[in-house]
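Q: Just so it is clear: in the sequence shown, position 200 is 200 by this note's numbering, and no numbers are missing. One structure, as structure tokens, below. Some questions next.
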Amino acid sequence: MGLRINDIAPDFTADSTEGRIEFHKWIGDGYAILFSHPRDFTPVCTTEFGAVAQLAEEFEKRNTKVIGVSVDSVEDHLKWKRDIEAFAGAPANFPIIDDTSLSVSKAYDMLPADFYLPTEGRTPANSATVRSVFIIGPDKKVRLTMTYPMSIGRNFAEILRALDAVRATDGVPFATPANWVPGQDVIVALSVPTDEAKAKYGDLDIRLPYLRYARHPG
Ligand code: BEZ
């Protein structure tokens, strides 16, 4: 079975473009986004990594580290980063893990159902990871997962929005409605009685007895 929300994200030690990384230690006390891509030097992946490079400041503002992974080598990742930077016009200053051993891909269930491992002469084409995303909290628990097929590039604006929603609801009795963006009202959890919610969060916009909006205090 794949990883579930609130599972502890598997810890690992791996080589990366920034040297050897002990994953949980590397995350530190902020958030992390681990995302896999099928192959280096491929078109969709280049646009995705370019999008991440362009959003570097946004992730930093949110105290969030970003790390990529694929079944290619550090040597390939380093060469490919030059293409990403030329394409995106932004430095790709985040590590990319060398998972030629497939250990991270397997621990995070990032391989497609039909992956194929020949006993000899394996190339990344036999075992390309799908496009997975894991948002991991400071407590190292999985907060959100997403998986896209190889043919569909991810929307990194949505990943940023989802990260904002995770941060806005962590440790507080709130949820975010459909299509929420920062600055909009949040939903008060059903576990909080209305009087208590009013005392704590001010006026509520009560649309249904079970759908009560409040200003986010943050
Ligand atoms: C890509 O464009 O990212 C891609 C294409 C074929 C296989 C894997 C990735």
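By construction, the Cβ of each residue, glycine as well, lies at the ideal position given by its N, Cα and C atoms. Computed from a predicted model, the values in this text were never measured in an experiment.
Quick one, what's near the ligand BEZ if you take every residue whose CB is closer than 6 angstroms to any heavy atom, in chain order?
A: Result (chain order): Pro38, Arg39, Thr42, Pro43, Val44, Cys45, Ala128 and Met150.
Q: Within this structure, are the beta carbons of Phe156 and Ala51 separated by less than 9 angstroms?
A: Along the sequence shown, one-based indexing puts residue 156 at 156. Along the sequence shown, one-based indexing puts residue 51 at 51. Cβ atoms of Phe156 and Ala51: closer than 9 angstroms.
Q: In angstroms with no decimal places, state the Cα-to-Cα distance between Leu78 and Leu55.
A: Along the sequence shown, read from residue 1 onward, the residue named residue 78 stands at position 78. Along the sequence shown, read from residue 1 onward, the residue named residue 55 stands at position 55. Near 19 angstroms, if we compare the C-alpha coordinates of Leu55 and Leu78.
Q: May I ask which residues mark the beginning and end of the beta strand (DSSP E) holding Ser132?
A: As a working note, residue 132 is residue 132 in the sequence shown. Where Ser132 is concerned, the enclosing beta strand (DSSP E) stretches over Arg131 to Ile136.
Q: What's the gap between the Cα of His216 and the Cα of Ile67?
A: Against the sequence shown, residue 216 aligns to sequence position 216. Against the sequence shown, residue 67 aligns to sequence position 67. C-alpha separation (whole angstroms): 29 angstroms.
Q: What does DSSP give as the partner residues of Gly68 in its beta bridges?
A: The sequence position of residue 68 within the sequence shown is 68, counting from 1. DSSP output for Gly68 lists Phe35 and Ile96 as bridge partner(s).
Q: Measuring CA to CA, which of Ser151, Asp185 and Asn179 is closest to Ala162?
A: Position 162 of the sequence shown, counted from the first residue, corresponds to residue 162. For the residues Ser151, Asp185 and Asn179, the minimum Cα distance to Ala162 belongs to Asn179.
Q: Whole angstroms is fine: what's the gap from Glu120's alpha carbon to Ala113's?
A: Against the sequence shown, residue 120 aligns to sequence position 120. Against the sequence shown, residue 113 aligns to sequence position 113. The straight-line gap from Cα to Cα measures roughly 20 angstroms.
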